[in-house]
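In the numbering used here, the protein residues as written are 19 to 129. For every residue, glycine included, the Cβ atom is placed at its ideal position computed from N, Cα and C. For clarity, every value in this text was computed on a predicted model and none was experimentally measured.
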């Protein structure tokens, strides 16, 4: 019984991740895109799927526009990558390099 409940919950989370990714693909410049990137990061982190999150974030960095209305989501993806490398993936050199990119993007976003 408990295993069936866990499997059902896992499927719901997988479906939620799929919906979030579809939303980003459909409209990467949406005002909700940074929150969608964050929700995706939270979802995978809660599940302990750090390698999956890493792959997904790199795909998002490649897909999201780095200019215009999608720039905030792009910057959020870089920040999440830096946090991931500094934390669960334990790659401090990569984390530092990515953090520099994320900080520069954040500075450029400020009016």
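Rounded to a whole number of angstroms, what is the C-alpha to C-alpha distance between residue 115 and residue 75? Cα-Cα distance, rounded: 16 Å.
Look up residue 82 in the DSSP assignment and say whether it is helix, strand or coil. Here residue 82 sits in coil by DSSP.
Should residue 33 go down as buried or exposed, given a rule of 16 or more other Cβ atoms within 10 Å for buried? With a threshold of 16 other beta carbon atoms within 10 Å, residue 33 falls short and is exposed.
Compare the beta carbon distance of residue 130 and residue 113 with 8 Å and say whether it is the shorter of the two. One cannot answer for residue 130 here, as it falls past the ends of the chain, which runs 19 to 129.
Please list, in chain order, all residues of the same chain as residue 103 whose beta carbon is under 7 Å from its beta carbon, the five residues on each side excluded. So the list reads 109, 112, 113 and 116, once near-sequence residues are dropped.
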